[in-house]
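K.L.:
Sending over a structure as structure tokens; questions will come in a sec.
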Amino acid sequence: MAWLQVKDAATAAPGTKATIKGWVRTRRDSKAGLSFIALHDGTCFDAFQIVAPADLPNYESEVQRLTSGCAVEAEGEIVASQGKGQSVELKATALRVVGWVDDPDTYPISQKRHTFEYLRDVAHLRARTNTFGAVARVRHALAMGVHRFFHERGFYWVHTPIVTASDCEGAGQMFRVSTLDALNPARTPEGGVDFTQDFFGREAHLTVSGQLNVETYCCALSRVYTFGPTFRAENSNTSRHLAEFWMIEPEIAFANLADNADLAEAMLKHLFRMLLEERADDMAFFNDRIDNTVIQTLEHLVETPFERMTYTDAVALLQKSGETFEFPVEWGLDLQSEHERCLTEKLVKKPVVLMNYPKDIKAFYMRMNEDGKTVAAMDVLAPRIGEIIGGSQREERLDMLDKRIDEMKLPKENYWWYRDLRRYGTVPHAGFGLGFERLIQFATGMQNIRDVIPFPRTPGSAEF
RNA sequence: UCCCCGAUAGCUCAAUCGGUAGAGCGAGCGGCUGUUAACCGCUAGGUUGUAGGUUCGAGUCCUACUCGGGGAGCCA
């Protein structure tokens, strides 16, 4: 007998003989001589109704003892449903219990609503809930969408290293990777830790960005991207930060900042259009139970051109908005969360691409503009979650790059291979970084980033 | 890391002026019903986050710590 997944069973023709396998969500008994079992197998949002008649040989001994979480295989025939809520159901001729819940009273995912905070403590079982099943499917759909988008446009996926020996971006705290004895490490004559004795012969860390590495492949394969785990040892305790997260970083050669912004906009539109189509079931749930504006927001984003604005214009717009802010708005200062939210949620009411920031608040590798005051940086700001994309055109002129490295007092020798790119066939290029979990947050309306990754790693928390 | 708030039954919460612990859901048992957030009845379930302190007496007041939430910083 054919094994039908729930997503296919839901549209199967009455009369089809099938086996359905999954986990029990609920069981309801009827004295009319049957039990209704809602079975889910993760292949779609809805569970599938199994009707188990009382004449099954194990009806009293097993069927009536089924509880949430039990794994079962039901064999029978797809029939038109007599009840409301589903068009077809499986009338079981046999039902086998594959795995019992040994003590229903202790099963953490009981048949009631749970808070997300509670479910984080049972992350090994939370994927069985409506919400986390939906998040997992959306996460997958977006990941596949990213690869499809780039593949169709001739980009190559480059696997940049997880372990790195250079603190290239200077982007915050890094996790050290070491095999030295932490209690009694090898020492230099001066008493410091002797990293030449360490595994890599030097101090090594987990990557905070694949950008500098991927630039090398960009300057050979023209269009590339990274998509992998990224690590920040920042002591960030917010609903938007993880110590381990996934980042997407495209890099395009023979391209400037405008090309970069076009790419970012095209990518986001592609992803959300695809998501609304492919995961309509899960998106309907998010819109219904999590945030009743998500679908409208995504549709609007897909249809509307992003606003483009220079940093200078944004500062002016905020200053004359009449809004009162806790932090000052002044040219040369970085925009605060409240300013970004005001721009996207009140003044413009859609994603905004801010471009050309003052050089002093941006990284060394960003290309200096003609004015000598700003660099070709861009941030894509989204309503509610703020910065979703950060990127720039890279400084391709060696003399300008060196000047910036010196100004920021960075150790030039560490960037020898990055500088080589500017010596051997340099070319204008640009790229950006997209936080994958923030993308999922935006797409689903989920408030806390810890609920859009299977096993979140945050300060003081690495269970599971 | 900083500011604010919170922690009581398996889960979500209540408990008046400091006076000795309560509900809903879940679970177990029974009833009813082509049910679908099912419904009705009964039962079990507690070292009130941890460690101190004040008091005749602390879930309640004080201190420290741990964990969680909201906001901020850092950023994606």
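My numbering applies: residue 55 is where the first sequence begins, and numbers increase by one. Even glycine gets a Cβ: it sits at the ideal position worked out from N, Cα and C.
1. Run through DSSP, which three-state label would F82 get?
2. Roughly how many angstroms lie between the CA atoms of H354 and R492, to the nearest whole one?
3. Taking the runs of the beta strand (DSSP E) that are 3 residues or longer, which of them lie wholly in the stretch 260-331?
4. Thinking C-alpha only, which one of P111, G69, K71 and V117 is nearest A92?
5. Pick helix, strand or coil for H205, following the three-state DSSP scheme.
6. Since I believe V434 is in contact with R421 (beta carbons under 8 Å), could you give me their beta-carbon distance rounded to a whole number of angstroms?
7. Please classify Y478 as buried or exposed, where buried requires at least 16 other C-beta atoms within 10 Å of its C-beta.
8. With 16 other CB atoms within 10 Å as the buried threshold, where does P304 fall?
9. Opposite E441 in the DSSP bridges: which residues?
10. Do A368 and L322 come within 8 Å of each other at the CB atom, strictly closer than that value?
11. If we ignore side chains and look at the alpha-carbon of each, how far apart do T183 and E129 end up?
12. Mind checking V200: buried by the 16 CB within 10 Å criterion, or exposed?
13. Secondary structure at I163, three-state DSSP: helix, strand or coil?
14. Taking just the CA atoms, how far does S290 sit from I349?
15. For M422, which of helix, strand or coil comes out of DSSP?
16. Suppose only complete runs of 4+ residues qualify. What are the alpha helix (DSSP H) ranges in the stretch 333-369, listed by chain order?
17. Which residue comes first and which comes last in the alpha helix (DSSP H) that contains S391?
18. Report the CB separation of M462 from G445 in whole angstroms; it is logged as a contact under 8 Å.
19. From the DSSP output, in three-state form, read off E129 for me.
20. Can you tell me whether DSSP reads V189 as helix, strand or coil?
21. Tell me, which residues are paired with L120 by DSSP?
22. With 16 as the cutoff for other CB atoms within 10 Å, does E450 come out buried or exposed?
23. Could you spell out where the beta strand (DSSP E) holding R511 opens and where it closes?
24. Per the DSSP calculation, R504 is bridged to which residue(s)?
25. Whose CA, out of S515, G499, G514 and F518, lies closest to the CA of V189?
26. Would you kindly check if the distance between the Cβ of I163 and the Cβ of A72 is under 8 Å?
27. Which two residues bound the contiguous beta strand (DSSP E) that contains L237?
28. Is L237 buried or exposed, if buried means 16 or more other CB atoms sit within 10 Å of its CB?
29. Secondary structure at R451, three-state DSSP: helix, strand or coil?
30. May I ask which residues mark the beginning and end of the alpha helix (DSSP H) holding L475?
31. Would the stretch 169-180 count as touching the stretch 500-508 if we require 3 or more Cβ pairs under 8 Å?
32. In angstroms with no decimal places, state the Cα-to-Cα distance between F254 and Y411.
P.N.:
This is what the structure holds:
1. Position 28 of the first sequence, counted from the first residue, corresponds to residue 82. One detail in the question is off: residue 82 reads as Arg in this sequence, not Phe. In this structure, R82 counts as strand in the three-state DSSP scheme.
2. Numbered from 1 along the first sequence, position 300 holds the residue referred to as residue 354. Numbered from 1 along the first sequence, position 438 holds the residue referred to as residue 492. Straight-line Cα distance between these residues: approximately 18 Å.
3. For the stretch 260-331, whole beta strand (DSSP E) runs of length 3 or above, ordered along the chain, are 277-285 and 298-307.
4. Taking the first residue of the first sequence as 1, we reach residue 92 at position 38. For A92, the nearest C-alpha among the options comes from V117.
5. As a position in the first sequence, residue 205 is number 151, starting the count at 1. H205: helix per DSSP, three-state reduction.
6. The residue you call residue 421 lines up with position 367 of the first sequence. The residue you call residue 434 lines up with position 380 of the first sequence. Contact flag wrong, Cβ pair sits at about 18 Å.
7. To locate residue 478, count along the first sequence from 1; it is residue 424. Under this definition Y478 is an exposed residue.
8. Position 250 of the first sequence holds residue 304. It counts as buried.
9. Numbered from 1 along the first sequence, position 387 holds the residue referred to as residue 441. DSSP, once it has assigned bridges, lists L435 as partnering E441.
10. Your numbering for residue 322 matches position 268 in the first sequence. Your numbering for residue 368 matches position 314 in the first sequence. For L322 and A368, no; Cβs fall outside 8 Å.
11. Residue mapping note: residue 183 aligns to position 129 of the first sequence, counting from 1. Residue mapping note: residue 129 aligns to position 75 of the first sequence, counting from 1. For the pair T183 and E129, the Cα-to-Cα distance works out to about 24 Å.
12. One-based indexing of the first sequence puts residue 200 at position 146. Result: buried.
13. For the purposes of this step, residue 163 is taken as residue 109 along the first sequence, with counting starting at 1. I163: coil per DSSP, three-state reduction.
14. What you label residue 349 is simply residue 295 of the first sequence in a count that begins at 1. What you label residue 290 is simply residue 236 of the first sequence in a count that begins at 1. One C-alpha to the other measures close to 30 Å.
15. Residue 422 sits at position 368 when you count from the first residue of the first sequence. If DSSP states are grouped into helix, strand and coil, M422 belongs with the strands.
16. 334-339 and 348-357
17. Here residue 391 refers to the residue found at position 337 when the first sequence is read from its first residue. Start and end: S391 to R395.
18. Taking the first residue of the first sequence as position 1, residue 462 is located at position 408. Taking the first residue of the first sequence as position 1, residue 445 is located at position 391. No, M462 and G445 are not in contact; Cβ-Cβ is about 19 Å, not under 8 Å.
19. Here the question's residue 129 lines up with position 75 in the first sequence. Strand.
20. Taking the first sequence and counting its residues from 1, one reaches residue 189 at position 135. Helix at V189.
21. Against the first sequence, residue 120 aligns to sequence position 66. BP columns for L120 are empty, so no partner.
22. For this step, residue 450 is matched to residue 396 along the first sequence. By the neighbour-count rule (16 or more Cβ atoms within 10 Å), E450 is buried.
23. Taking the first residue of the first sequence as 1, we reach residue 511 at position 457. Per DSSP, R511 belongs to no beta strand (DSSP E) and is neither H nor E.
24. Your numbering for residue 504 matches position 450 in the first sequence. For R504, which the question treats as bridged, DSSP gives no partner whatsoever.
25. Position 135 of the first sequence holds residue 189. The shortest C-alpha separation from V189 is found at G499.
26. The sequence position of residue 72 within the first sequence is 18, counting from 1. The sequence position of residue 163 within the first sequence is 109, counting from 1. The answer is no: Cβ separation not under 8 Å.
27. Here the question's residue 237 lines up with position 183 in the first sequence. For L237, no beta strand (DSSP E) run applies, since DSSP gives it neither H nor E.
28. The count along the first sequence starts at 1 and reaches residue 237 at position 183. L237 is exposed by the Cβ-count criterion.
29. Numbered from 1 along the first sequence, position 397 holds the residue referred to as residue 451. Of the three classes helix, strand and coil, the one that applies to R451 here is coil, per DSSP.
30. Here residue 475 refers to the residue found at position 421 when the first sequence is read from its first residue. Residues W470 to R477.
31. yes
32. To locate residue 254, count along the first sequence from 1; it is residue 200. To locate residue 411, count along the first sequence from 1; it is residue 357. If you take the alpha carbons of F254 and Y411, they lie about 37 Å apart.
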